[in-house]
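Following the numbering used here, the numbering of the sequence shown begins with 855 at its first residue and continues without gaps.
Idealized CB from N, CA, C, for every residue including glycine.
Working notes, structure below.
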Amino acid sequence: MKQLPSSVKVYSQTPEMTEASVPPSLLSSHTTKAGTWGRIVVIEGRLNYFIDGDDAVYELSPGIPGIVEPEIGHRIDPHSPVTFMVEFLR
């Protein structure tokens, strides 16, 4: 998983979501727009993060965010109780 460039700043974020309220679109592969990075921030619990073309399964938890690269397919699997949000940066 890549690191965020030091030059990007948060410009938007989602409301907090749980395993019960996560939009179905986040559970299958999707992308951000060109130039838009994402940071999946887990507030409580854990979720799995998958990046297309990468065989790794990243387990995200408080203090261990998931970094979303622009235009790279990715998805999440909230396999247990979790509260999280997504920050968008550019």
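Cα-Cα separation between residue i and residue j, rounded to whole angstroms
i: residue 888; j: residue 912; result: 23 Å
i: residue 941; j: residue 907; result: 23 Å
i: residue 902; j: residue 910; result: 10 Å
i: residue 860; j: residue 873; result: 31 Å
i: residue 879; j: residue 855; result: 21 Å
i: residue 865; j: residue 919; result: 17 Å
i: residue 871; j: residue 883; result: 18 Å
DSSP state of residue i mapped onto helix, strand, coil
i: residue 901; result: strand
i: residue 879; result: helix
i: residue 926; result: coil
Cβ pair residue i, residue j closer than 9 Å
i: residue 818; j: residue 930; result: Missing from the structure shown is residue 818; the chain here goes from 855 to 944 and no further.
i: residue 923; j: residue 905; result: yes
i: residue 885; j: residue 928; result: yes
i: residue 943; j: residue 863; result: yes
i: residue 900; j: residue 858; result: no
Whole-Å CB distance - residue i paired with residue j, under 8 Å assumed
i: residue 895; j: residue 936; result: Actually they do not touch by this definition, with Cβ atoms about 11 Å apart.
i: residue 939; j: residue 868; result: 5 Å
i: residue 916; j: residue 898; result: 7 Å
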